[in-house]
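Residue numbers (my numbering), protein chains in the order written: chain A, 54 to 173; chain B, 54 to 173. Glycine included, every Cβ here is placed at the ideal spot set by N, Cα and C. In what follows, a structure is listed as structure tokens, so that the remarks can point back to it.
2 protein chains.
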Amino acid sequence: MIKNEYACDCNIIHQEIVEEIQKKMYPEERFKKLATIFKLIGDPTRCKILFTLTHHEMCVCDLANVLNMTKSSISHQLAILRNNGVVRYRKSGKEVYYTLEDIHITKLFQMGLDHINHLP
Amino acid sequence: MIKNEYACDCNIIHQEIVEEIQKKMYPEERFKKLATIFKLIGDPTRCKILFTLTHHEMCVCDLANVLNMTKSSISHQLAILRNNGVVRYRKSGKEVYYTLEDIHITKLFQMGLDHINHLP
DNA sequence: TTGACATATGAATAAGTATTCAACTATAAT
DNA sequence: ATTATAGTTGAATACTTATTCATATGTCAA
């Protein structure tokens with residue numbers, strides 16, 4: 054048991070295992086990115102938006118009606134998805150139409166969806 | 054264009070599409086569950102814990118050392134993962150050893166990890 | 001050009017959450 | 001028995017974030 058004064062508030066119990074994993078550890082930045090990806094899907098409103106866009110391209114008003122929420126609220130959430138490259142938009146007259154952009158996140162979302170659909 | 058006074062603050066622009074998707078829509082509860090799953094992974098500390106446990110079963114002290122955080126902080130996060138069935142624990146003397154429990158969440162996590170590892 | 005509507009956005013508010021701190025339980029060692 | 005250590009947990013704090021409100025921009029129709 055090696056005292057570890059600087060790193061944290063407790064002892065290392067299994068030094069070999071700890072060192073082995075510390076070598077494999079990614080830099081902080083990568084874990085932040087990873088968490089961000091999951092956090093993007095980790096909100097009910099955004100889940101509903103993604104679910105809806107999986108079925109059809111949609112403008113903000115229609116999304117607001119489908120989700121039964123205000124345009125403003127939807128628009129804020131779309132901005133988050135947009136700024137993280139999850140959705141793409143095209144303008145047509147007064148309307149703005151959104152579609153899914155990021156294939157990886159879409160796949161992750163679909164996997165999560167399949168999972169809960171198979172729950173009891 | 055049909056005025057929708059009760060549902061939200063705006064008009065339905067494409068009624069057919071909206072109605073079609075409203076039929077396919079899941080109940081609120083299911084989207085909450087879905088979001089919860091992703092939210093569980095959507096935090097850098099929990100990502101690090103999951104990453105570490107992917108490689109080896111580990112006790113709280115060792116986890117605290119690997120992540121360079123306090124035992125308390127780790128323990129709180131482990132409680133969240135535990136309460137949501139993501140990790141399992143076994144006691145051995147004074148130590149508590151954690152392993153991954155939920156195969157679905159582990160798979161989702163791995164998919165996310167693969168994704169960011171293939172980023173430029 | 002005026003009015004109506006679709007969308008975006010900044011600020012404010014409210015709710016949620018991660019970490020710290022202090023106190024607690026349980027186990028092991030002396 | 002007493003002490004030290006591993007882990008948990010509740011409360012407090014600091015931070016993040018979703019929604020609302022008010023306002024602004026841009027497009028279309030009259």
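L134 (chain A) classed as buried or exposed, judged by whether at least 16 other C-beta atoms fall within 10 angstroms: buried
Touch test, the region 64–82 of chain B against the region 91–100 of chain B, Cβ-Cβ under 8 angstroms, three pairs minimum: no
Cβ distance (whole Å) where L93 (chain A) is taken to contact I158 (chain A) below 8 angstroms: 7 angstroms
is_contact[L131 (chain A), chain B] using C-beta, thresh 8 angstroms: no
Boundaries of the alpha helix (DSSP H) in which E148 (chain B) is found, first to last residue: Run containing E148 (chain B): none in the alpha helix (DSSP H); it sits in the beta strand (DSSP E), E148 to L153.
Segment limits, alpha helix (DSSP H) that includes V113 (chain B): V113 to L120
V71 (chain A) - containing alpha helix (DSSP H), residue span: Under the DSSP assignment, V71 (chain A) falls in the alpha helix (DSSP H) whose first and last residues are Q68 to K77.
7 angstroms CB neighbourhood of V140 (chain A) in its chain, flanking five on each side removed: L106, L131, L134, Y151, T152, L153 and E154
Inter-residue spacing [alpha-carbon to alpha-carbon] between I66 (chain B) and C114 (chain A): 7 angstroms
Test item: CB-CB of D62 (chain A) and T123 (chain B) under 8 angstroms: Cβ distance < 8 angstroms, so D62 (chain A) and T123 (chain B) count as in contact.
Residues bridged to R83 (chain B) (per DSSP): R83 (chain B) is not bridged to any residue.
Cβ neighbour criterion (16 or more within 10 Å) applied to G165 (chain A): buried
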